[in-house]
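Remarks on the structure that follows.
Residue numbers (our numbering): 13 to 184.
As structure tokens, this is what we get:
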């Protein structure tokens, strides 16, 4: 049986032991997005979460709970393709207006800024929990740009801190 690496399932002593052995935190990020009637809505996040678990089991580190939401709902998602909104809404039993531009009550830029701040918060939190490397792993490819931007800002704000965590980004 593989060792448990999901942070939220561990007790404090188990976290300390795992972190001392390999102070890497994997943070799987993804979306809740339409992937057709044959796939789960959280497919991108489910896949990257599973990949992060394998990485941690093979190489060490711990996996934070996956982030399924917070991204811009009006760009880079199937629902954002308003030409298909009616088809998707019908399959989901929702009115097409739920996918209309402006439905989230924030501009695309405001949604991007909020997501960027959320990723920065997660990076800072992981560092405060003693991790030396924090890996933002994007399951939904367009999120890689947000992850890179947050990692760059985090790195810049920590450049005077000799004990700062190293942010790392990849997509699966």
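Just so it is clear, CB atoms sit at the ideal spot from N, CA and C, and this is done for glycine as well.
- Here the segment 176 to 183 makes contact with the segment 139 to 152; the two share three or more CB pairs at distances below 8 Å.
- Classified as exposed, residue 71 has fewer than 16 neighbouring CB atoms from the shown chains inside 10 Å of its CB.
- For residue 107, the secondary structure class from DSSP, reduced to helix, strand or coil, is coil.
- Closest in C-alpha terms to residue 77, from the list 113, 137, 32, comes 137.
- Per DSSP, the continuous beta strand (DSSP E) segment holding residue 179 begins and ends at 178 to 183.
- The alpha-carbon of residue 109 is positioned some 43 Å away from that of residue 69.
- Counting only runs of 4+ residues, the alpha helix (DSSP H) found wholly inside the segment 16 to 80 occupies 24 to 33, 55 to 71, in chain order.
- Residue pairing for residue 148: DSSP places it in a beta bridge opposite 39, 181.
- Following the DSSP letters along the chain, one finds residue 128 inside the alpha helix (DSSP H) bounded by residues 120 to 140.
- In this structure, the beta-carbon distance from residue 75 to residue 17 falls below 8 Å.
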